[in-house]
Amino acid sequence: MSIEAHIEQHLGLSIINKQSVSTGLFSAYQVTLSNGNTVFVKYQSHPNQQLINEGRELALLGRTIHTPTVLGSCEHCLILEWIDTTQNANMQSQMGLALANLHQNTGDYFGFEFDNKIGKTPQPNGVGQNIDNWADFYWEYRLLHQITLAHQNTLISQTDYQQLLQVKDILPNLLDNTIKPTLLHGDLWSGNVLSGKNHPYFIDTASYYGHREIDF
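Be aware that the sequence shown starts at 2, since it is given in this note's numbering, and climbs by one per residue.
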């Protein structure tokens, strides 16, 4: 299906104008609809679960902080409220307060209900494993995962790989075992926050429950 067909299916509206905008992993458009509204659309001709996952993450975070409203999602497109960006002198302090509020959301276990991606890289989240120790989760699903990918792609030597595996033994002594699972944006940097007129909007999530300092 074309992007026009997906817009019709999700919103019951036609496209008046479509303009390509810069993005990283998907085709992205500023779309003017037949009712006069403007939306942001990520589109992928081949099915991609990441679009559905991102919509679910934005909706979850949007209960506490400002994210673009999710208007529709499927394996081919993610339709979001269009955010007009502008200069905001209070952006940094508002971001800090928003993160403080977001991090009040805690869970019983580290990880998430589904795996997702951080950029193009798969991010396993220990689905169904019920891990309540941060050092265990951080090693198995973050450090070891990245070390293994680097080794498989010949980015590190066999010697380096073996040495890095030894980090597992010292990690529990480096990390506080009282850390509680906290809801995270998961991929927070300046490019994933939009400066709105009255507050920042957080986008392009890679959410899970982890150590709150991950977002710093």
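Ideal placement from N, C-alpha and C gives every residue a C-beta, glycine not left out. Remember, predicted model here, so these are calculated numbers, not experimental data.
Nearest candidate by alpha-carbon position, reference residue i, set the options
i, options, result
"D109", "H146, V128, G97, M96", "V128"
"H212", "L176, D116, G120", "L176"
"S196", "G37, I8, I84", "I84"
"L34", "A60, L14, Q45", "L14"
"N221", "W135, W190, T149, E141", "Shown here, the chain extends from 2 to 217; a query on residue 221 therefore has no answer."
"M2", "P48, N126, L52", "P48"
Contacting residues, own chain, Cβ-Cβ under 7 Å from residue i (five flanking each side not counted)
i, result
"G73", "H11, L12, I80"
"D205", "D188, N193"
"N102", "T65, I66"
"K169", "W140"
"Q20", "Y30, Q31"
Distance CB(residue i)-CB(residue j) smaller than 8 Å
i, j, result
"H77", "Q45", "yes"
"I148", "Y162", "yes"
Chain-order list of residues whose beta-carbon lies under 8 Å from that of residue i (same chain, five-residue window excluded)
i, result
"T86", "L195, S196, G197"
"A60", "T68, V71"
"Q50", "E76"
CB-CB length for residue i against residue j, believed under 8 Å
i, j, result
"D116", "Q124", "6 Å"
"A207", "I119", "4 Å"
"F113", "F138", "Between F138 and F113 the Cβ distance is about 11 Å, and since that is not below 8 Å, they are no contact."
Any C-beta of chain D under 8 Å from that of residue i
i, result
"N18", "Of the protein chains in this structure there is only one, and it is not chain D."
Cut-off 6 Å between Cβ atoms - residues of its own chain near residue i, not counting five sequence neighbours on either side
i, result
"L165", "I148"
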